[in-house]
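See below for the structure under consideration.
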Amino acid sequence: MVTFNVLFLGETDTGKASIIDVIAGQGEGRTSPCSDTREVQLDNKTFLLHTAPSLEPKSETTSAVAVKQRYQDLLRDLRKNGGPHLLVYCLDGSHSTSWIEATHDAISSCFTLPFSIPTIAVVTGVRGLAQQESWWSNNQTLFTNQAVRFVGHAFIPVMSHD
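The UniProt record's numbering numbers the first residue of the sequence shown as 1 and each following residue consecutively.
Written out as structure tokens, the structure is:
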């Protein structure tokens, strides 16, 4: 049986674990400050949903280099097991998206180019269709300039960021 690896990326408090809980049918509420993996069965297929740690240091004792190394270790482990089959960038619509370029660079450095893993964006905290369309239009150019190509995107208007 084929197992599909899905990697959820995002800054701290962007709702990665909550989005995974919704996909897993377990509601919201579980959070994890570091990487975590959940196995989910959907349509008779097995998906391993991996929550990647944020690249931002958590405290003065955790260096950016250590965080990036942990992140790259996760990506290398995934590559050994077939690689991630889908990247999901979890974005809080009220926060800056500047972290995406550093995350994308870290991922690219772990894979042979051209790196062509399907990538989608899930944006939380933007309410109303007009605001969602405006947010996407305003940020799409930024993503393109950062060489991040999303094959799709979705908005979740309300999401707990416990």
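All C-beta atoms, glycine included, are put in the ideal place defined by N, C-alpha and C.
Kindly indicate which residue of the options has the alpha-carbon position closest to the one of residue i.
| i | options | result |
| --- | --- | --- |
| G15 | N139, G93 and R76 | G93 |
| T97 | P157, N81 and Q140 | Q140 |
| W136 | P118, N81 and F155 | F155 |
| R76 | D13, F150, S108 and L129 | S108 |
| G25 | P157, L42 and E133 | L42 |
If you measure between the beta carbons of residue i and residue j, is that distance less than 8 Å?
| i | j | result |
| --- | --- | --- |
| I19 | V122 | yes |
| L86 | A52 | no |
| R127 | P157 | yes |
May I ask you to list the residues that DSSP assigns as paired with residue i?
| i | result |
| --- | --- |
| Y89 | L9 and A121 |
| K45 | L42 |
| I156 | T124 |
| P36 | Reading the sequence as shown, one finds Asp at residue 36 and not Pro. DSSP lists T51 as partners of D36. |
| F4 | F47 |
Below 8 Å CB to CB, which residues in the same chain sit around residue i once its five sequence neighbours on both sides are set aside?
| i | result |
| --- | --- |
| Q146 | I100, E101 and H104 |
| T46 | M1, V2, T3, F4, E39 and V40 |
| L113 | Interpretation of L113 is limited by its pLDDT of 48, a score under 50 that renders its predicted location unreliable; the figure taken from the coordinates is listed afterwards. Result list for L113: empty, nothing under 8 Å. |
| H153 | I120, A121, V122, V123 and W136 |
Go through its chain and collect everything with a Cβ distance to residue i's Cβ below 6 Å, but skip five positions before and after it.
| i | result |
| --- | --- |
| H50 | L7 and T37 |
| Y89 | L9 and A121 |
| P33 | Residue placement at P33 cannot be trusted, given a pLDDT of 48 that sits under 50; the coordinates are not used to answer. |
| G125 | D92, G93 and S94 |
| P118 | L86 and V151 |
| T144 | none |
| V148 | I100 and H104 |
Identify, in the order they occur along the chain, each residue of the same chain with its Cβ nearer than 7 Å to the Cβ of residue i, setting aside the five sequence neighbours on each side.
| i | result |
| --- | --- |
| E81 | Here residue 81 is Asn; the residue named in the question, Glu, does not match the sequence. These residues qualify, in order along the chain: N5. |
| L142 | T97 |
| E11 | S54, E56, H95 and W99 |
Indicate whether at least one CB of chain C lies closer than 8 Å to the CB of residue i.
| i | result |
| --- | --- |
| V126 | This model lacks chain C altogether, as it is built from one protein chain only. |
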